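What follows is a short report on a single structure.
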Amino acid sequence: MTMQQLLAQTNTAFCFVVKLNGEKVAAFTECTLPVIDWEIEEVKEGGLNTSIHQLPGRRKAARFTLKNGVSRGELVAWCIKVMTERFERKTLTVELLDAHLKPVAVWEMRDAYPIKWTGPQLRSDASAVAIQTIEFACGEMTAETLT
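Spelled out as structure tokens, the structure:
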């Protein structure tokens, strides 16, 4: 089943499409983008007792989260493989879709790898999504707004 067919069978709430190395592999209803921040090194200067110099240190690891998703299987297979067998970083692209399923914004996370996967709570009287939450760590991030 193609990603387009998968999106057509679900509702329009799945407005975040995920590409794994350029191929559409999943759709999610919620995406928390990375917080990128820096460590601050405080330096006390002798003879200057009224202030402390704050110098930029290293960039902290960025993390992002995808929630309530459906997948063709490649994304989940890669996550399980990374968590159980072999560590492998990949490029993940998240596209925000409009009501006509056209991308309006794109975020690319390079050197991403899964650090936490939560499956749904399955019940026979409810329809659950295939992926509840996946959290990733990533290296560089780029963002683009499409017009």
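For the sequence shown, the numbering used here assigns the number 55 to the initial residue and increments by one for each residue that follows. For glycine and all other residues, C-beta sits at the position ideal for the given N, C-alpha and C. All values reported here derive from a predicted model rather than from experimental measurement.
Thr201, DSSP secondary structure in three states: coil
Status (buried if at least 16 other CB within 10 Å, exposed otherwise) for Asn103: exposed
Contact under 8 Å by Cβ, Thr147 with Glu128: no
As assigned by DSSP and simplified to three states, the class of Thr187: strand
Residues that Lys219 bridges to, as DSSP identifies them: The first residue shown for the chain is 55 and the last is 201, placing residue 219 beyond what the model contains.
Residues near Lys170 in its chain [Cβ-Cβ closer than 6 Å; skip 5 each side]: Glu189
8 Å Cβ cutoff, Lys114 in contact with chain C: In the structure shown, chain C does not exist; there is a single protein chain.
Integer-rounded CB distance, given that Arg113 should sit under 8 Å from Trp92: 5 Å
Alpha-carbon to alpha-carbon, Ile134 and Gly173: 12 Å
Where Leu109 falls, given that 16 or more other Cβ within 10 Å makes a residue buried: exposed
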